[in-house]
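S.K.: Before I ask anything, here is the structure I am working with.
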Amino acid sequence: MANIESVLQENRVFPPSEEFVKKATISGMAAYEALAKEAEQDFEGFWGRLAREHILWHKPFSQVLNESNHPFYKWFEDGQLNASYNCLDRHLKTQPKKVAIIFEADDGSVTKITYEQLYHRVCQFANGLKKLGIKKGDRVLIYLPMAIEAVIAMQACARIGAIHSVVFGGFSAKSVQERIVDAGAVAVITADGQMRSGKEIPLKPAVDEAFAMGGCDAVKHVVLYKRTGSPIHVHAPRDVWWDDVVRDEPDVCEPEWVSAEHPLFILYTSGSTGKPKGVQHSTGGYVLHSILTMKWTFDIKPTDVFWCTADVGWVTGHTYISYGPLACGATEVMFEGVPTYPDAGRFWHMIQEHKVSIFYTAPTAIRSLIKLGADLPKKYNLSSLRLLGTVGEPINPEAWMWYHRVVGNERCPIVDTWWQTETGAHMITPLPGVVPTKPGSCTLPLPGIMAAVVDETGGDVEKGKGGFLVIKRPWPSMIRTIWGDPERFKNSYYPAELGGKYYLAGDGANRDLDGYFWIVGRIDDVLNVSGHRLGTMEIESALVANPLVAEAAVVGKPHDIKGEAVVAFVVLKGARPAGDAAKEVAKTLRDWVGQEIGPIAKPDEIRFGENLPKTRSGKIMRRLLRSIAKGEEIKQDVSTLENPHILDQLKEAVK
Ligand code: WTA
Numbered sequence: 005m006a007n008i009e010s011v012l013q014e015n016r017v018f019p020p021s022e023e024f025v026k027k028a029t030i031s032g033m034a035a036y037e038a039l040a041k042e043a044e045q046d047f048e049g050f051w052g053r054l055a056r057e058h059i060l061w062h063k064p065f066s067q068v069l070n071e072s073n074h075p076f077y078k079w080f081e082d083g084q085l086n087a088s089y090n091c092l093d094r095h096l097k098t099q100p101k102k103v104a105i106i107f108e109a110d111d112g113s114v115t116k117i118t119y120e121q122l123y124h125r126v127c128q129f130a131n132g133l134k135k136l137g138i139k140k141g142d143r144v145l146i147y148l149p150m151a152i153e154a155v156i157a158m159q160a161c162a163r164i165g166a167i168h169s170v171v172f173g174g175f176s177a178k179s180v181q182e183r184i185v186d187a188g189a190v191a192v193i194t195a196d197g198q199m200r201s202g203k204e205i206p207l208k209p210a211v212d213e214a215f216a217m218g219g220c221d222a223v224k225h226v227v228l229y230k231r232t233g234s235p236i237h238v239h240a241p242r243d244v245w246w247d248d249v250v251r252d253e254p255d256v257c258e259p260e261w262v263s264a265e266h267p268l269f270i271l272y273t274s275g276s277t278g279k280p281k282g283v284q285h286s287t288g289g290y291v292l293h294s295i296l297t298m299k300w301t302f303d304i305k306p307t308d309v310f311w312c313t314a315d316v317g318w319v320t321g322h323t324y325i326s327y328g329p330l331a332c333g334a335t336e337v338m339f340e341g342v343p344t345y346p347d348a349g350r351f352w353h354m355i356q357e358h359k360v361s362i363f364y365t366a367p368t369a370i371r372s373l374i375k376l377g378a379d380l381p382k383k384y385n386l387s388s389l390r391l392l393g394t395v396g397e398p399i400n401p402e403a404w405m406w407y408h409r410v411v412g413n414e415r416c417p418i419v420d421t422w423w424q425t426e427t428g429a430h431m432i433t434p435l436p437g438v439v440p441t442k443p444g445s446c447t448l449p450l451p452g453i454m455a456a457v458v459d460e461t462g463g464d465v466e467k468g469k470g471g472f473l474v475i476k477r478p479w480p481s482m483i484r485t486i487w488g489d490p491e492r493f494k495n496s497y498y499p500a501e502l503g504g505k506y507y508l509a510g511d512g513a514n515r516d517l518d519g520y521f522w523i524v525g526r527i528d529d530v531l532n533v534s535g536h537r538l539g540t541m542e543i544e545s546a547l548v549a550n551p552l553v554a555e556a557a558v559v560g561k562p563h564d565i566k567g568e569a570v571v572a573f574v575v576l577k578g579a580r581p582a583g584d585a586a587k588e589v590a591k592t593l594r595d596w597v598g599q600e601i602g603p604i605a606k607p608d609e610i611r612f613g614e615n616l617p618k619t620r621s622g623k624i625m626r627r628l629l630r631s632i633a634k635g636e637e638i639k640q641d642v643s644t645l646e647n648p649h650i651l652d653q654l655k656e657a658v659k
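Under our numbering, the first residue of the sequence shown is numbered 5, with each subsequent residue one higher.
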């Protein structure tokens, strides 16, 4: 517990401007408190009211929450709806010509699509998928670059009740294969390649490789979106081009009405074992929370231009690109490229050109842009901005202050949004027209979210003390289960050690005397590298799968830009390598991890030893490894260490 006590002392407080408060959807502390009180006094009434107000139901629900099979909660279960209908059809009469997505490609070319056009393209593609034999409940793996087509693919699945599972385009063939197998996918939607920083990165070849690994026989079709035009293998009749799939299809498609509990998607994320978890989300609760947080946290208004920079391969891209903004009828920016191409002014240039008013990005991007040009934003006209957001990791107060001063010109509230793949949408975040912010704190839970900090036995800790972040009551957009593994769901999120009652987030946190939450970081073996979740066990399994490796342990170490960097301790089957040989093996292993998982998981440094530091009972002393990785002097008690001499070997990092 001592490890997760924060040492941070941050006393600066930034209340929202009067002008912002006046116009905000939730305006002033009294409004927030009224909502929070409503939720406390009549929990089900509160969520039921919101679900009726914000969602278009095909058939209304009669019961808000069913808790009889704890922790497999059901929300609005007998209600029927369609997620795509809630995102598209609802705007057809009111604002068909409004731009839904402003897409900017890597090379700067811009494509705009209106709500009406998006609706027709989704319908056409949905009809095409149906013709391929894909039906309600089928799993469809999506492996696409950032493109309007990615949104269309997700929406089309939702329209016909198919369950999508999006795999980030930066993940490897092996990851694709594992997810196809685990989800039992019947179709894959991919592209020939993707463009990043002017370079072409192939995608389809990774799918071919995944097939070659075996286990993908359930996949009957691979739909190919042509992005780069590079030659690829087309295995007819299995592989079909997108254009052929939609050709001659009608551009209207009756939505498949599904139960609110029907799975909308599965999204894989890292946990503390080697196998990623297929986080399963519902339709009704998920759509509700994505709408509410667009309105509450982002204060979305009809005139806003909203930009979330995440990739659709992550949950942030799901909720705040593919569903939330569309369900609210917003105009949003979607970007194919990277923030540093053609130069580090790309984000600021795009904000200026598209008159972005709400900008949502990751602390790691902010830190890297500070480094590449702290004054660059001043060269652009950023006066369209009115609200800024961050997500994915704790933001250090220095980066927060820069974002506030240089990007927001001290006018824009910053919403530091804490949430997870499992929570579906924001959980703890300032409401911009309500909560005075403190740099580095995600502040207060949303109304209806019963967040708390508890000790090892599940008891509340005093304010000012650290502990485990939990959510005491279920909420509509929560994870329903881990696909195919309900036991793992129960054990990971409702562990018996804590009494089994509360959702355990896996983060350490503490609350200050004002009740503000400060997230300290993961309490499990999960790293946060550039805002991406990576399990240390996953990387370890990848390393030991290499024929050269006998044993491996992976830990994180603090990194200025990435937040955390991956450090691998490796024992080879042969002798411990030195000099150039060590460099060569390190490169081989780094590339190997890149192939097994994806380039984001490549270790920054590898440290070779004849063995790993272990206790006499054979347990790897991870705490010690973390100290070594940080270059700290070892003050821990190493008397129980079986093999103390290897500590010196491990001090040498091969980069
Ligand atoms: C971390 C991303 C501090 C946290 C939406 C969480 C944060 C994990 C914040 C989830 C924040 C996310 N402040 N830490 N504002 N937001 N995290 O599933 O450790 O990719 O458990 O979801 O990121 O990562 P995931």
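Each residue gets a CB set at the ideal place from its N, CA and C atoms; glycine is no exception.
Can you tell me the Cα-Cα spacing of I236 and P206, whole angstroms?
M.R.: Here the question's residue 236 lines up with position 232 in the sequence shown. Here the question's residue 206 lines up with position 202 in the sequence shown. So the two alpha carbons sit approximately 9 Å from each other.
S.K.: Could you give the distance in angstroms between the alpha-carbon of N532 and the alpha-carbon of L538?
M.R.: On the sequence shown, position 528 is the one that residue 532 refers to. On the sequence shown, position 534 is the one that residue 538 refers to. Their Cα atoms are separated by approximately 6 Å.
S.K.: Do I156 and V126 have their CB atoms nearer than 8 Å?
M.R.: Here residue 156 corresponds to residue number 152 of the sequence shown, with the count starting at 1. Here residue 126 corresponds to residue number 122 of the sequence shown, with the count starting at 1. Their beta carbons are under 8 Å apart, which means I156 touches V126 by this criterion.
S.K.: Would you mind listing the alpha helix (DSSP H) stretches within the segment 344 to 398 that are 4+ residues and don't spill past its ends, in chain order?
M.R.: Runs found: 350 to 358, 367 to 377.
S.K.: Pick helix, strand or coil for I304, following the three-state DSSP scheme.
M.R.: The count along the sequence shown starts at 1 and reaches residue 304 at position 300. I304 falls in the coil class under three-state DSSP.
S.K.: I'd like to check one pair, E260 with N131: are the Cβ atoms closer than 8 Å?
M.R.: Counting from 1 along the sequence shown, the entry for residue 131 is found at position 127. Counting from 1 along the sequence shown, the entry for residue 260 is found at position 256. Contact flag unset, no.
S.K.: Helix, strand or coil, according to DSSP, for H74 in the structure here?
M.R.: Your numbering for residue 74 matches position 70 in the sequence shown. Three-state result, H74: coil.
S.K.: For T277, I'd like the list of residues in its chain whose CB is within less than 6 Å of its CB, leaving aside the five on either flank, ordered along the chain.
M.R.: To locate residue 277, count along the sequence shown from 1; it is residue 273. Only M541 meet the Cβ criterion.
S.K.: Hey, out of V262, P329, T421, D196, whose CA is closest to T232's CA?
M.R.: Taking the first residue of the sequence shown as 1, we reach residue 232 at position 228. The shortest C-alpha separation from T232 is found at D196.
S.K.: Could you pull out every unbroken beta strand (DSSP E) segment of at least 3 residues lying fully inside the segment 67 to 132, listed in chain order?
M.R.: The segment 67 to 132 contains these whole beta strand (DSSP E) runs: 103 to 108, 114 to 118.
S.K.: Counting only the same chain and skipping the five closest in sequence on each side, list residues whose C-beta sits under 8 Å from that of Q84.
M.R.: Locating residue 84 in the sequence shown gives position 80, where the first residue counts as 1. The answer, listed in chain order, is W61, H62, K63, W261, V262, S263, A264.
S.K.: Starting from A554, trace the beta strand (DSSP E) both ways and give me its first and last residue.
M.R.: Counting from 1 along the sequence shown, the entry for residue 554 is found at position 550. Run containing A554: 553 to 563, per the beta strand (DSSP E) assignment.
S.K.: Assign E741 to one of two classes, buried (16 or more other C-beta atoms within 10 Å of its C-beta) or exposed (fewer than that).
M.R.: The question about residue 741 has no answer here: the residues shown for the chain are numbered 5 through 659.
S.K.: Going by CA-CA distance only, name the one from I59, K26, Y36, S179 that's closest to L450.
M.R.: Working through the sequence shown from its first residue, we reach residue 450 at position 446. Residue Y36 is the option with its Cα nearest to L450.
S.K.: When burial is assigned at 16 or more other CB atoms within 10 Å of the CB, is S643 buried or exposed?
M.R.: Counted from its first residue, the sequence shown places residue 643 at position 639. Under this definition S643 is an exposed residue.
S.K.: Is the closest heavy atom of ligand 1 to the C-beta of Q424 under 7 Å?
M.R.: Within the sequence shown, numbered from 1, the residue matching residue 424 stands at position 420. Yes, since a heavy atom of ligand 1 falls inside the 7 Å radius drawn around the Cβ of Q424.
S.K.: Here's a check: name, in chain order, each residue in its chain whose Cβ is nearer than 6 Å to the Cβ of S21, leaving out the five neighbours to either side.
M.R.: As a first step, residue 21 must be located in the sequence shown, where it is residue number 17. Excluding positions up to five away in sequence, the list is empty.
S.K.: Evaluate D529 with the Cβ neighbour count: other Cβ atoms within 10 Å of its Cβ, from every protein chain shown; 16 or more gives buried, anything less gives exposed.
M.R.: By one-based count along the sequence shown, residue 529 stands at place 525. When all chains shown are included, D529 counts as buried.
S.K.: Taking the straight line between their C-alpha atoms, what separation do you get for T323 and T433?
M.R.: Residue mapping note: residue 323 aligns to position 319 of the sequence shown, counting from 1. Residue mapping note: residue 433 aligns to position 429 of the sequence shown, counting from 1. Cα to Cα, T323 sits roughly 15 Å from T433.
S.K.: Would the beta-carbon of N385 be found less than 7 Å away from any heavy atom of ligand 1?
M.R.: Here the question's residue 385 lines up with position 381 in the sequence shown. Outside the cutoff, so no.
S.K.: Ligand 1 heavy atoms versus the CB of D511: any closer than 7 Å?
M.R.: Within the sequence shown, numbered from 1, the residue matching residue 511 stands at position 507. Under cutoff, so the answer is yes.
S.K.: Under 7 Å from any heavy atom of ligand 1, does the C-beta of C312 make it?
M.R.: If you number the sequence shown from 1, residue 312 lands on position 308. Result no, Cβ not under 7 Å from ligand 1.
S.K.: Looking at K140 and I164, is the spacing between their C-beta atoms short of 8 Å?
M.R.: Counting from 1 along the sequence shown, the entry for residue 164 is found at position 160. Counting from 1 along the sequence shown, the entry for residue 140 is found at position 136. A contact, by the Cβ cut-off of 8 Å.
S.K.: To the nearest angstrom, how far is the alpha carbon of F310 from that of I304?
M.R.: Within the sequence shown, the letter at position 306 stands for residue 310. Within the sequence shown, the letter at position 300 stands for residue 304. Taking the straight line from one Cα to the other gives about 8 Å.
S.K.: What alpha helix (DSSP H) runs, 4 residues minimum, are completely inside the segment 575 to 652?
M.R.: Runs found: 583 to 600, 626 to 634.
S.K.: What are the boundary residues of the beta strand (DSSP E) that D511 is part of?
M.R.: Start at 1 with the first residue of the sequence shown, and residue 511 comes out as number 507. Element bounds for D511: 507 to 515.
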